[in-house]
Every structure is written in C-alpha cells, then in structure tokens.
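Comments concern the structure below.
Number of protein chains: 2
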Amino acid sequence: MKAEIICIGTELLLGQIVNSNAAWISQELASIGIDCHFQTVVGDNKDRIKESLEIALNRVNIIITTGGLGPTSDDLTTETLAEFFDEEMILDQEVLEKIEKLFLSRNLSMPETNQKQALRPKSAEILPNPSGTAPGIIWNVLELWHLKNNIPKSENELKLPPHGNPYKGEFQEHLKKEKLIMTFPGVPRELHEMWKEIAFPFLSTKLAGEKKLFFKEIKFYGIGESALAEKVQDLLDLTDPTVAPLAGNAECRLRIATKANNLQDAEIKLKEIENKIGERVGEFIYGYDSDSLESIVGNILKQKQKTLAVAESCTGGLISERLTNISGSSAYIKLNVVTYSNESKNQILNVKNESLEKYGAVSEQIALEMAQGVRDLAGSDYGLSITGIAGPGGGSIEKPIGTVFIAFVGDGFQEITKLNLGILNKNNSDKNRLDIKWKSSQEALNLVRKILLKIN
Amino acid sequence: MKAEIICIGTELLLGQIVNSNAAWISQELASIGIDCHFQTVVGDNKDRIKESLEIALNRVNIIITTGGLGPTSDDLTTETLAEFFDEEMILDQEVLEKIEKLFLSRNLSMPETNQKQALRPKSAEILPNPSGTAPGIIWNVLELWHLKNNIPKSENELKLPPHGNPYKGEFQEHLKKEKLIMTFPGVPRELHEMWKEIAFPFLSTKLAGEKKLFFKEIKFYGIGESALAEKVQDLLDLTDPTVAPLAGNAECRLRIATKANNLQDAEIKLKEIENKIGERVGEFIYGYDSDSLESIVGNILKQKQKTLAVAESCTGGLISERLTNISGSSAYIKLNVVTYSNESKNQILNVKNESLEKYGAVSEQIALEMAQGVRDLAGSDYGLSITGIAGPGGGSIEKPIGTVFIAFVGDGFQEITKLNLGILNKNNSDKNRLDIKWKSSQEALNLVRKILLKIN
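Chains as they are written, first to last, in this note's numbering: chain A, -5 to 450; chain B, -5 to 450.
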C-alpha cells in the first residue's frame, strides 16, 4: 500500500506554519506498514488542488489530505473534491446536528457559515471529528466512480472525469485497485483524535496480513553526524534492515528499519544491527525511540530515589522546563531557581560577592557555588548549575558569546565543565541565543546522566 | 515567478523529522516576491526524485531542493539530477580543496566518501556552502539544455531528455523561459547560510523590478478561531489585499497580504485592512509579526523600567524560559523560581503551611502567596505565580487535570485567575501535559500584559 499526504493551506506555502501534520501522519502510516511515497503541500486554490489530486491518484492507493475543512471561504477541500469527481454535495443532517450541539454545549449558537461543514458528496462517508466542528470524509474513489457510472460492465467503459485533465491509460489501470481519499482538518489536535479513534482502526483492519514496517531509533550524544556516519558507513548500504542517519537538535540519531510480519521477527533483525552499532559507538548512545536526555535523567533519578535541584542563569529555566515535561517528575524535582542577576545568585544561592567580583558571574567558581547553593537550598541529593553567555549581547574577548560553565555536585563529588559553543548561527543572533540555550541544556543533562550512571 | 520546493529525504517521509526547511524557504521566497506554488517531499529514491523533478519542471520556473548532498550512499540529489539531464559529472578541484581544508581545520583528514561532494555536472555552477562540506549547485536548465544540444537553431530542435519519461509539448514551451534548479543541503544551519549569503542576493538581483509580496500578521489572544473568522468573514473574501486566518498554538493569527512595487505602496493597502480588523476585534490583538506574548511583556517591562519575578509550579520553568528567550531580558528578570514541592513553596516563598493544608497547593490562596512570596524574595516590582495540575496524574473530582491558578501582584493590586483547561488532548496524556503547560503560560503572560497596560 502506497500513500501520499496532501496538505492544503496557503499558510504552509508562505512558511507561516511548519508542516508538523505531514510528519505526524507519516509516522502513523509507517507504523501500520503503509509506505508514504510523497508529501505534497498546495495552497487554497481549486485548480492546483485538483492537479495534486490527479498526480497522487496516478501513483498511490491512499491519499490523506489535511486542511481546508473549516467553515471559511478559503476552506476548499470538500468542495474541490466534489467538483473533481463531478459529485453532488448533500447536507448531512447527522453532522449538522452534531455541530449545532457542539456550539450549544459552549453556550453559543451556530454561525451560518458552519453549515458548510455538514456538506458531503452524496456517495462519500463521513469521517467523524470527535473534538471539533470539521468532520472529514472517506472517499472510496473506485466505489464513487462505479456509482457515478452505474458500475461499468467492462473496464473499458470507465469514463474520464470531467475536470479537463484527462487521465492517462495508466490511471485506469490503477483505478481497478482500491483508491482511498481521506480528508482531515489541519488543526493538529483534531487530526490526531480523528486519526486515532477512527482512521487508525479502519486502516489497520484493511491492512491486516500485510507486512508492517518496524523501526528503532538510536540516540547519540557527544559524537558528530559525520563521525557517526563514518563509523557505520557499511551499515548505511544495507537493504534489510536499512540504517539511516537522522538530523537531531544538538544530538545524533540513527534509524534501523525493517519490514516483517510481526514484532518478534522484526526485533531479531533489528537487534542484530543494533548490536553492531553498539560495538562501534556504544559509548555515545544515550537512549532509544522517544527517549530524551531529560527522560533518561528522570528515569535514573526515579530509580535511585534521588532528588535534583537546578540553578540556571543563561538557560533561563529551560533545563527546569525540560525536566518537568516528564510526567512524574515531581518525585525528583522539588525546587529549581533561575538566578539571572548577581544579586539573586548571592541572596538566594549564597554565591559569595567576592567570588562574583573576582571571577565574574560566568566562571567555574560561580557555577560551583551555584550548584552547591541550590543543593543546600533545596536539600536535594544533587545540585546542577549553569551560567554562561547566550548573547546576542554580553560577550567579551575573554568570555565570548557561547562561553558556558556547568557544575554538578553531590555527596563527595563535584564536576565542572566549560563549553566554548561560539556563535552557532552567525546570521541570526536571536536564533543563536536559543541555539546556545538548547545546546547548553543538552550538555548539562548529558553530564548529569553520565555521572549518575558512573556513581551507581 | 513561480517556485516549487522539493525536499529530499526518506526521514521526512517516515515523519522522523518535521520539515522546517520547507517553511523557512517559503518565507524567504515570499519575501522576495516569488510565489511558492508547491512543496513536495520525496524519499531517497532516484526514480521518484526524477518523477518529482519532471512534474515541477512542468509547472514552475524555480525549483529549490533540500537534502541529499551529503557524502553517504543515500545522498542522491546531484547524481540523480545529472542522470535526469544525461549530464557528465566532473570533479570540481576548487570544491575538493575547500572540503579538504575544512577537515584540516578540524585536525581531521578527509574521509574518501566526502570526495563525492566535490562532484558537479559539467555545465552547472557551484553554490558555495560557507559552513559545511556539502556545496549546492545552480542549474540553469535552459542553458544546460542548449549546451547539451549545441544550442539548437530553432526551438523546434529542442530534443527530449533521455530519462524515459518524454516531456509533453507544454514542457517545451516552458523550456523557452528560464528554469532554475538550486540545490541546498538539508542541515538547516547550512541551508540558511547558503541562502542568505549566496541565493538571496542572486535571486533578488534576478527579480529586480517584479512586484513583491508584503504581508503583515496580526496576533490575537482571548478569542477563538471560529469567532474571529466570523467577525472578519467578509474580509476573508477579499482578493487584494488577502486576509487569511492562520492556526496558532493557543492563540489566533490573521495574515494580510498584498503585492506591490515597494513597501510604501504595500503599507497603505495593508493599513486600511488592519484598521478594519482593529475596529472589530482590536481588544484581542496583542501584537504583530514576530511578536510573542513574552516579547510584548518584555517590551512593556523594559519601557516602564520595572522588574518581574516568577514562581512556577505546574509550568515547571516554561514561563521563565519564554521570558528569557528574549534578548535583553536580564534588564527585567532577576530571579525566578520553580517550586514544585510544598516544602519549597513554604521554605523559599514563605507560603504558609496552614494555607497549604487548608486549601491545597493548587488553589487561589496558594497562587496569591506564591506571587507575593516571589516578589518579596526577588525585591521585584511585580510577582507572577502559577500553580495547577498538568497531569497525567494528580487530578481529582474537585480539582481535575487542567485546573490552574494564576496570580499577579504589584504595588496595591493583586489579580487572580482560575483556568479550567480540562483535558486538551485526551488520547495522549503526555502531550496533554505539554499542552496544559503551554496554554497556562499563554494565559499567565497575557494576564501580565493586560494588567501592565492598564495600570500605566
């Protein structure tokens, strides 16, 4: 089964929205063994939507669209599909009632424009939207086509669609196989719910028996992309399983993928390659799949029943935010502080004023005093601190932008690291500020991870 | 000038990377008046890359590709383009020397595989990469074609390319106009630098004289997408300027766009529509274009020369992180704390133990004491606090997941808000946790913004 995702929306073509829907659907398709061959983005323009549909119908079996299901006049998906297949639109009373109820439950009356969302082509089915007003539609193109033509007696009688771009003979061949079009809203939350509650079980049932794609992602910290690729160069040429390097945000990833009938078969094949990778670059592996440095640090702390307190300067709360993104983090995080000013470092964390004067706020000594200070303040097992210059202002010759000190302290140990990140993104200093914050948080979390693993 | 972006990489089709490059390039194209009509994503597969190229050459003038320029065997872009045009590949000595130097500067010797990156089609030009090893190529298709065919005497003599998919007559018409293919690496930082240093000036010069697209984004908080669309329904039907609603993360946006010869002309047209929008829903506008709630709050604080301190519980540092993403925020942020546990709320912020026992940590009273406590602790002009239940654990019947209290205090005022966010994302409780954190941070920043504007 081959699929194409068509995301509809001029805002995507203007770059005002990053297309996270395409990535999300692609992952879902892969997880049930459907190969996504293309992702297409097209604007709110009927002709170009039709052009994209035609191309997709010529090369895949399943077309997933997102966007264009809203009540406004630039929401064109349903209308365009109906025109494309020359199909009559009818008002679905059931959908209309649902939309009206939804507005009522919010103590609002339904605006007239929302009536549009209850329209569907006569022979298509509704794909319910549990959480929003915009339902999607499942279009079984072959069925639609047969219905329209009173089911042709022979394949040769299939007529061409009426939108002016005659299909090639090739398309008629394709048409003999089932072709599905499924439309979803562009709002990620609604898309996700509709997918999980309706599309996922529907497609999974349809595909029972076909081989599924299984993959495992290995996550690395402390090795560059090229260096990693070189160490596993021969594996990148394999055809089953395949190994592919993926870009990461200040980390590296490798994906191992294989097609198999079931998880057990897949795991044997994946494990063999994973072991080979482990032998070569195992020291840089920090986790797998949905792991993040913060989730790994959290797991270790939870397992050891230890607590951590963080004092941040240049990262401004990012490390705290990442650690508390993990559910259950209240078990090991009790208190973190963001001491941006010298005064707060002194008053809250007991960093000595003499040290601040002598070494400056961005220094090994201050990092150490901050880590000790926050550990004392929180009464935690460990203290982590970070102080540095994220820019765009504040750099000097001795301490340029990107100079960062990290300290991690606990019973009987103290570990201090200096980073010279430099300017990671020279054309965009505000973006560079965020890059330095992120990279510093990665380094800090990795330092904690490594030491916690070492001290048992 | 019409453009299509073709992003090459199987990792995109597997959804392991979100396609931020397409959005970034689209914005850049729009800013110099090039209409991006399509974005296509295709895997590391020669046949499908050729198919995408052919479709794009049939419908646009400029094709921008990303990805597939690396040294590994699944980097196929240059090779596939050369095959597509039946063009000989040559080793560019200048590029090779640059790559070797880059490795030398890192005290490494160049791996053999990187030699591949110095290959280019004989008649194509190199698009230098200032920060990485992978240069791109500028392909003037028309010129390539003429060269290949010893410049035909008449247009009719243009021969078809040899890759098996004969072009339609339509394509020959297109070929008479200039067609550019520009290839970029997939690594965002390298792409951005190459674009800004080389592609941007190149394309801008080429396009001098053409009308450019100008747009302005208006950002709203406190009004839903449907309600906003309804208030400006008639404006959404305009053709020049156009008005389009954009999805936002717990906020709303409208884009007004127009084509004009220069900024002045554009501004007059945009302003007229902006005023109309302002008359209808002005109370919900918080900013424009790259503004965020944190940048607006920062601007107001800077202007008033006031300081803010934040005490967070459920948001875990997110508000602090957002505020400190703004460069220069050290002027108004001195100290923030994340008091996750009851003990830290009591010990650090002087929240009364009796209050914690009587009202529970998620309550109006505790929010108030936290805000007062952090204001006292930091000696700041204002204190902001937030306490709530982000889930997935911790909810109860009286205080379900999504219950959040926000307090904002200053000289002579205290403002407390209760949110009932409920479960925003019922199928994914970890994602829901992040949604609740984000939405709470939006509410808190907007509360601060509104009150700061009111108290002058």
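Where a beta carbon is used, it is the ideal one built from N, C-alpha and C, also for glycine. Every value quoted in this text rests on a predicted model; they were computed, and no experiment measured them.
If you draw a straight line from the C-alpha of residue i to the C-alpha of residue j, how long is it?
i                 : j                : result
Leu197 (chain A)  : Arg53 (chain A)  : 19 angstroms
Thr397 (chain A)  : Ser286 (chain B) : 27 angstroms
Leu232 (chain B)  : Pro182 (chain A) : 27 angstroms
Thr72 (chain B)   : Gly61 (chain B)  : 10 angstroms
Asp80 (chain B)   : Lys44 (chain B)  : 12 angstroms
Pro105 (chain A)  : Ser67 (chain A)  : 14 angstroms
Glu315 (chain A)  : Glu315 (chain B) : 7 angstroms
Phe208 (chain B)  : Asn256 (chain B) : 9 angstroms
Thr252 (chain A)  : Ile19 (chain A)  : 19 angstroms
Arg247 (chain A)  : Asn340 (chain B) : 43 angstroms
Lys431 (chain B)  : Ala401 (chain B) : 16 angstroms
Ile294 (chain A)  : Gly218 (chain B) : 42 angstroms
Asn159 (chain B)  : Ile28 (chain A)  : Because Asn159 (chain B) carries a pLDDT of 33, less than 50, the predicted location of this residue cannot be relied on, and no value is offered for it.
Ile267 (chain A)  : Ile250 (chain A) : 8 angstroms
Lys(-4) (chain A) : Gly9 (chain B)   : 15 angstroms
Ile2 (chain A)    : Ala17 (chain A)  : 14 angstroms
Leu169 (chain B)  : Gly322 (chain B) : With a pLDDT of only 45 at Leu169 (chain B), under 50, the local geometry of the prediction cannot be trusted, and the value read off the model is given with reservation. If I take the Cα positions, the gap works out to 51 angstroms.
Lys210 (chain B)  : Tyr280 (chain B) : 14 angstroms
Arg369 (chain B)  : Val12 (chain B)  : 40 angstroms
Leu96 (chain B)   : Leu102 (chain B) : 9 angstroms
Gly272 (chain A)  : Lys265 (chain B) : 60 angstroms
Glu77 (chain B)   : Gly292 (chain B) : 54 angstroms
Ile320 (chain B)  : Lys352 (chain A) : 28 angstroms
Nearest to residue i by alpha carbon, out of the options?
i                : options                                : result
Glu119 (chain B) : B:Ala260, B:Ile93, B:Glu88, B:Arg100   : B:Glu88
Arg42 (chain A)  : A:Thr127, A:Met83, A:Ile0, A:Trp18     : A:Ile0
Gly64 (chain B)  : B:Ala112, B:Leu329, B:Val36, B:Glu82   : B:Ala112
Asn269 (chain A) : A:Ile11, A:Leu229, A:Ser14, A:Leu447   : A:Leu229
Ala244 (chain B) : B:Ala254, B:Phe214, B:Gly272, B:Thr236 : B:Phe214
Asn55 (chain B)  : B:Thr74, B:Val36, B:Phe32              : B:Phe32
Thr333 (chain B) : B:Lys200, B:Asn344, B:Ile327           : B:Asn344
Asn134 (chain A) : A:Glu409, A:Lys448, A:Glu94, A:Leu75   : A:Leu75
Any beta carbon of chain B sitting closer than 7 angstroms to that of residue i?
i                : result
Cys30 (chain A)  : yes
Glu106 (chain A) : no
Asp375 (chain A) : no
Asn101 (chain A) : no
Ser321 (chain A) : yes
Glu224 (chain A) : yes
Gln21 (chain A)  : yes
Gln366 (chain A) : no
Asn13 (chain A)  : yes
Pro386 (chain A) : yes
So is residue i in contact with chain A if we call contact Cβ pairs under 7 angstroms?
i                : result
Gly126 (chain B) : no
Gly9 (chain B)   : yes
Ser314 (chain B) : yes
Glu5 (chain B)   : yes
Thr252 (chain B) : no
Ile327 (chain B) : yes
Thr333 (chain B) : yes
Asn330 (chain B) : yes
Arg114 (chain B) : no
Arg452 (chain B) : Because chain B spans -5 through 450 in this model, residue 452 (chain B) falls outside it and cannot be assessed.
Gln109 (chain B) : no
| query | Taking one C-beta from the segment 421 to 435 of chain B and one from the segment 264 to 284 of chain B each time, how about it: are there three or more such pairs within less than 8 angstroms? | reply | The segment 421 to 435 of chain B makes no contact with the segment 264 to 284 of chain B; the number of CB pairs closer than 8 angstroms stays below 3.
| query | In chain order, what residues of the segment 341 to 364 of chain A put their CB closer than 9 angstroms to some CB of chain B? | reply | So the close ones are Gln341, Ile342.
| message | Any contact between the segment 185 to 200 of chain A and the segment 397 to 417 of chain A? By contact I mean 3 or more CB pairs, one from each, below 8 angstroms. | response | Contact fails: fewer than three Cβ-Cβ distances are below 8 angstroms.
| query | Going along the segment 64 to 78 of chain A in order, which residues come within less than 9 angstroms of chain B, judged by CB to CB distance? | reply | From the segment 64 to 78 of chain A, only Gly64, Pro65, Thr66, Ser67, Asp68 have a Cβ closer than 9 angstroms to chain B.
| said: Counting beta carbon pairs with one atom in the segment 434 to 449 of chain B and one in the segment 281 to 299 of chain B, are three or more of them shorter than 8 angstroms? | reply: Segments in contact, yes.
| request: Inspect the CB distances between the segment 288 to 307 of chain A and the segment 234 to 244 of chain A and report whether three or more fall short of 8 angstroms. | output: Touching, no.
| task | Taking 8 angstroms as the threshold, find out whether the segment 373 to 383 of chain A comes into contact with the segment 303 to 315 of chain A through three or more Cβ pairs. | result | Short answer: they touch.
| said: For the pair the segment 214 to 223 of chain B and the segment 27 to 43 of chain B, tell me if three or more CB-CB distances fall below 8 angstroms. | reply: Flag = no, the segment 214 to 223 of chain B and the segment 27 to 43 of chain B do not touch.
| Which residues, in order along the segment 395 to 412 of chain A, keep a beta-carbon less than 7 angstroms from a beta-carbon of chain B? | Listed by position, the residues of the segment 395 to 412 of chain A near chain B (Cβ gap below 7 angstroms) amount to none.
| said: Contact between the segment 172 to 187 of chain A and the segment 124 to 137 of chain A is defined here as three or more beta-carbon pairs at a separation below 8 angstroms; is this criterion met? | reply: Under the three-pair Cβ rule at 8 angstroms, the segment 172 to 187 of chain A counts as touching the segment 124 to 137 of chain A.
| field | Under 8 angstroms (Cβ pairs) to chain B, residues found in the segment 274 to 288 of chain A | value | Answer in chain order: no residues at all.
| query | Relative to chain B, which residues along the segment 202 to 219 of chain A have a C-beta separation below 9 angstroms, given in chain order? | reply | Answer set for the segment 202 to 219 of chain A: Leu207, Phe209, Glu211, Glu219.
| Residues of the segment 226 to 250 of chain B whose Cβ lies closer than 7 angstroms to any Cβ of chain A, in chain order | Result list: Gln227, Leu230, Asp231, Ala238, Pro239, Leu240, Ala241, Arg249.
| message | Closer than 9 angstroms between beta carbons: that is the criterion. Which residues of the segment 422 to 444 of chain B meet it against chain A? | response | Asn422, Ser423, Asp424, Lys425, Arg427, Leu428, Asp429, Lys431: these are the residues of the segment 422 to 444 of chain B whose beta carbon lies less than 9 angstroms from some beta carbon of chain A, given in chain order.
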